[in-house]
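Position 68 (the sequence shown) corresponds to 68 in UniProt numbering; numbering is contiguous. Cβ coordinates follow ideal geometry from the N, Cα and C atoms, glycine included. Structure first, then comments.
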Amino acid sequence: MSTKTYVVGVGMTKFEKPGRRADWDYPAMAKESGELALADAGISYARVEQAYVGYVYGESTSGQRAVYELGLTGIPVVNVNNNCSTGSTALFLAAQAVRSGTVDCALALGFEKMQPGSLGSTYDDREQPMLRHILALAELYEVAMPPAPWMFGAAGREHMDTYGTTPEQFARIGEKNHRHSVDNPYAQFQDAYTLQEILDAKVIYEPLTKLQCSPTSDGSGAAIIASEAFVDRHGLAGQAVEIVGQSMVTDMRSSFEDNSAISLVGGKMTRAAADTVYERSGLEPSDVDVIELHDCFSTNELITYEALRLCPEGEGGKLVDAGDTTYGGRWVVNPSGGLISKGHPLGATGLAQCAELTWQLRGAADGRQVPGARVALQHNIGLGGAVVVTAYRPADR
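Here it is as structure tokens:
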């Protein structure tokens, strides 16, 4: 049995610099985003039959503690941790539960309370899950710290060496996303910068400067996922957004056998997931209007253009130069400001992307609204590794 699956309610907190709100712990974050999503759907927590709750940094059963702020109804609560793709993994599991007919209504919720500065490990008495990726990349590029900008920066260098992409093209992505965030009240940063300011910022790992890197963040996002029967029963068709295609892919042999930094940071995973989504939905890249993708670093956004088949391999820089990924172009990519400027609380990122695209397809994104948006695409990746790609369009009225 398979049923159509819809997003019927979304909510998120403003993303904040870690510790900026000293009294803001993860239960309060989850309560805020969860209550907003429930109110958006016009239902009570009692209607939710399962909850999938994502976070990366936290103790076991933090998911239960978080959603207990919404109610104590005895439903199954599943804790989810999939690195930076945690939020979209929770979304994938909630949608899968509804699509299979197991439940009619599920909650996907993600949160993160992070430490300032670059990401670090929690446990040092066991092998790190990304060690295999790091060792493979170390054979291609000299190791640099912190690991994340080194890995994605190396992928950018590979693209430059192979295709002639320039530092300015990567920097234009940072300029674009900071500019987009000016109109997003949920964004951690709402400052615009000139291209020269992006280029002149502190170098983290060439070609990446600080203004091309996502920050650590605190925050939460949530989505209510429902079946067609639930939508009909509660009169939600006017606001429902259908998930028309969704795919989750983990590392394949190519990640390690290609001798490629681009493959190690998920280029092939993204391509495989996107191809499945296009096939299942009947959509093509040219059908898409608005995209939220995982721009943890500007280099990854450009690489992802190609993996999502927005352009042929090696031509991501041409999309940037043509203005095809901003307002007035072929697609608007990261109207929210993306991870670079909106922020990146790991467990919440995928659900914040879902919220943004839901608002875009409802025509409710205010100053950042993409005119006439009818089809949306979401991409969220976590190294070590998993990628989730999701396609949305408004429910048939």
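Problem set entry | Cα-Cα separation, M151 to L302 | Roughly 15 angstroms separates the two Cα atoms.
Exercise. With a CB to CB cut of under 8 angstroms and the five nearest residues on each side skipped, what residues in its chain are close to R397?
Worked result: Only weak support is given to the placement of R397: the predicted model assigns it a pLDDT of 49, under 50, and the question is left unresolved by the model.
Exercise. According to the Cβ coordinates, are H178 and S341 closer than 7 angstroms?
Worked result: Their beta carbons are under 7 angstroms apart, which means H178 touches S341 by this criterion.
For this session: Could you check the C-alpha separation between Q246 and T325 for me, to the nearest Å?
Result: Looking at the two C-alpha atoms, the distance is approximately 22 angstroms.
For this session: Find the nearest neighbour of R368 within the set N380, I291, L351 and C84, judged by alpha-carbon distance.
Result: Of the listed residues, the one whose Cα sits closest to R368 is I291.
Problem set entry | Beta-carbon spacing of M130, L383 below 7 angstroms | Remark: C-beta atoms of M130 and L383 approach each other more closely than 7 angstroms.
Exercise. Considering only residues of the same chain and omitting the five flanking positions on each side of H344, which have a CB-CB separation below 6 angstroms?
Worked result: The residues are S214 and S217.
Problem set entry | Distance between F256 and H133 (C-alpha atoms, nearest Å) | If you take the alpha carbons of H133 and F256, they lie about 8 angstroms apart.
Exercise. Going by DSSP, what residues sit across from residue 398 in a beta bridge?
Worked result: Absent from the structure is residue 398, since the part of the chain shown begins at 1 and ends at 397.
Exercise. Which residues mark the beginning and the end of the beta strand (DSSP E) in which E112 is found?
Worked result: Element bounds for E112: C105 to E112.
Problem set entry | Inter-stretch contact (C-beta, 8 angstroms, three-pair minimum) for the segment 202–210 and the segment 139–155 | Three or more Cβ pairs closer than 8 angstroms define a contact, and the segment 202–210 meets that threshold against the segment 139–155.
Exercise. Quick one: what's I224 bridged to in DSSP?
Worked result: Note: I224 sits in a beta bridge opposite G9 and L107.
Problem set entry | Simplified DSSP assignment, three categories, for E16 | Under the three-state reduction of DSSP output, E16 falls in the strand class.
Exercise. Which residue's Cα is closest to the Cα of A51: Q96, D23 and E158?
Worked result: Residue Q96 is the option with its Cα nearest to A51.
For this session: Go to H379, then tell me how far its beta strand (DSSP E) extends in each direction, as first and last residue.
Result: From DSSP, the beta strand (DSSP E) with H379 extends over A376 to G382.
Problem set entry | Buried or exposed by the 16-neighbour rule on C-beta atoms within 10 Å, applied to S100 | Flag for S100 reads exposed.
Exercise. Is S298 near Q353, with beta carbons less than 7 angstroms apart?
Worked result: Not closer than 7 angstroms, so no.
For this session: Taking G347 as the reference, give the member of A37, K17, Y55 and T13 with the closest Cα.
Result: Of the listed residues, the one whose Cα sits closest to G347 is Y55.
Exercise. Taking the C-alpha atoms as reference points, what is the distance between G385 and T89?
Worked result: G385 and T89: Cα-Cα distance of roughly 12 angstroms.
Problem set entry | Residues bridged to V78 [DSSP beta-bridge criterion] | In the DSSP assignment, the residues bridged to V78 are Y52.
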